[in-house]
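Student:
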Ligand code: KG4
Ligand code: ZN
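Residue numbers (my numbering): 4 to 350.
(1) Please check if any C-beta of chain B sits within less than 8 Å of the C-beta of residue 106.
(2) Residue 286: beta carbon under 7 Å from a heavy atom of the ligand KG4?
(3) Does the ligand KG4 have even one heavy atom less than 7 Å from the beta-carbon of residue 266?
(4) Can the beta-carbon of residue 106 be found closer than 8 Å to that of residue 117?
(5) Assuming residue 83 and residue 319 form a contact by the criterion Cβ under 8 Å, report the distance between their Cβ atoms to the nearest whole angstrom.
(6) Confirm, please, whether the CB-CB distance from residue 126 to residue 148 is below 8 Å.
(7) Check whether the Cβ atoms of residue 374 and residue 7 sit closer than 8 Å, and answer yes or no.
(8) So the beta strand (DSSP E) residue 276 belongs to, where does it begin and stop?
(9) Specify which residues have a beta carbon nearer than 5 Å to any heavy atom of the ligand ZN, listing them in chain order.
(10) Look up residue 7 in the DSSP assignment and say whether it is helix, strand or coil.
(11) Can you name, in chain order, every residue of its own chain whose Cβ lies under 7 Å from the Cβ of residue 366, other than the five neighbours on each side?
(12) Could you tell me the alpha carbon to alpha carbon distance between residue 240 and residue 52, rounded to whole angstroms?
(13) Determine whether the beta carbon atoms of residue 197 and residue 255 lie at a separation below 8 Å.
(14) By Cβ distance below 6 Å, which residues in the same chain neighbour residue 323 in space, the five residues on each side in sequence not counted?
(15) Express the C-alpha separation of residue 22 and residue 140 in angstroms, rounding to a whole number.
(16) Any chance the CB of residue 41 is under 7 Å from a heavy atom of the ligand KG4?
(17) Measure the C-alpha to C-alpha separation of residue 64 and residue 300 and round it to an integer number of angstroms.
(18) Between the beta-carbon of residue 150 and the beta-carbon of residue 120, is there less than 8 Å?
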């Protein structure tokens with residue numbers, strides 16, 4: 004009988020934007036056990052400003068980070084984990100520093116390994132937390148990363164080996180949702196609000212552009228869409244609820260069309276084994292459904308790996324998972340030099 008080795012328990016910490024998150028995840032040979040997965044969202048705090056205020060975000064992270072780490076470690080304290088993974092970038096500089104300083108302090112006190120993780124690699128790893136996805140996980144994989152700050156198509160040749168296939172030339176998909184919502188007078192964050200209204204609207208009611216859809220590259224552009232929203236909406240005098248819902252459905256359809264078609268084209272070109280759908284915008288049900296259906300129809304041999312609902316928006320279980328990939332290869336960061344990298348590109 005073969006004895007399985009002891010699990011590697013990783014303490015994950017994420018404070019790059021408006022969510023304070025701490026997780027404790029045990030990685031066994033064949034299985035992953037998420038022991039704790041805490042997320043404290045600052046959305047209600049930022050809602051009154053209509054967007055994230057960096058200084059407010061950083062200050063709010065401080066008490067939450069301490070409280071969630073204390074809760075995750077419990078009475079076992081420093082004995083509860085074997086290594087630490089912390090988001091080092093990209094993100095808001097002062098917000099990132101809160102998680103990083105907490106992580107460095109714990110690394111010094113516990114004498115355990117620490118690794119700085121790229122937030123986007125964390126989003127990629129969120130799909131790997133799902134057991135079924137893991138069972139079929141084989142390279143090369145294509146990841147569509149869609150969040151508030153990023154829209155990227157990344158080719159993954161192995162754990163930690165990435166190639167940038169396409170990216171947005173201006174706004175991210177999440178920004179297209181958030182900025183359009185603002186123009187429509189809807190609260191922050193706009194994505195969930197537009198998605199909710201879209202379920203009650205007609206996606207063909209308004210004709211909105213699909214910028215760069217016929218462009219041969221795998222790049223995206225969403226700023227033209229935002230301008231089209233402004234022009235189309237400012238013509239409306241006293242729009243009805245039905246018109247607003249129809250507009251949201253038309254806008255969501257435009258964004259989904261662009262994302263789905265570019266992703267499928269890239270998957271065809273690179274002959275990938277599977278397609279990952281990750282990042283905050285992947286919470287969009289319409290996007291999940293359309294991409295899943297198109298893959299089944301056009302690329303029946305290709306797996307579809309969306310991340311679990313629990314790990315879509317910013318969280319620390321995904322940071323722990325990416326940390327595990329690196330720690331398994333004996334990669335770590337010196338706690339003395341670990342610092343925030345606010346503009347850190349994945350590739
Ligand atoms: O990954 P994430 O939590 O934070 C960043 O790293 O940016 O993504 C947040 C983004 C926001 O732009 C938000 O509007 C969008 O994800 N989002 C959605 C939905 N839920 C969140 N966009 C469209 N439909 C949704 N259901
Ligand atoms: Zn994110």
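Quick reminder that beta carbons are idealized off the backbone N, C-alpha and C, glycines included.
All figures in this text were calculated on a predicted structure; none of them were measured in a lab.
Tutor: If we stick to the structure as given:
(1) Absent from the structure is chain B; it holds one protein chain and no more.
(2) yes
(3) no
(4) yes
(5) Actually they do not touch by this definition, with Cβ atoms about 14 Å apart.
(6) yes
(7) This structure cannot settle anything about residue 374, because the visible part of the chain is limited to 4 through 350.
(8) Residue 276 -> no beta strand (DSSP E), and no H or E assigned at all.
(9) 150, 317
(10) Residue 7 sits in coil when the DSSP states are folded into three classes, being neither helix nor strand.
(11) Here the chain comprises residues numbered 4 to 350, so residue 366 is not present and cannot be evaluated.
(12) 26 Å
(13) yes
(14) 13, 15, 26, 28, 88
(15) 28 Å
(16) no
(17) 44 Å
(18) No, Cβ-Cβ distance for residue 150 and residue 120 is not below 8 Å.
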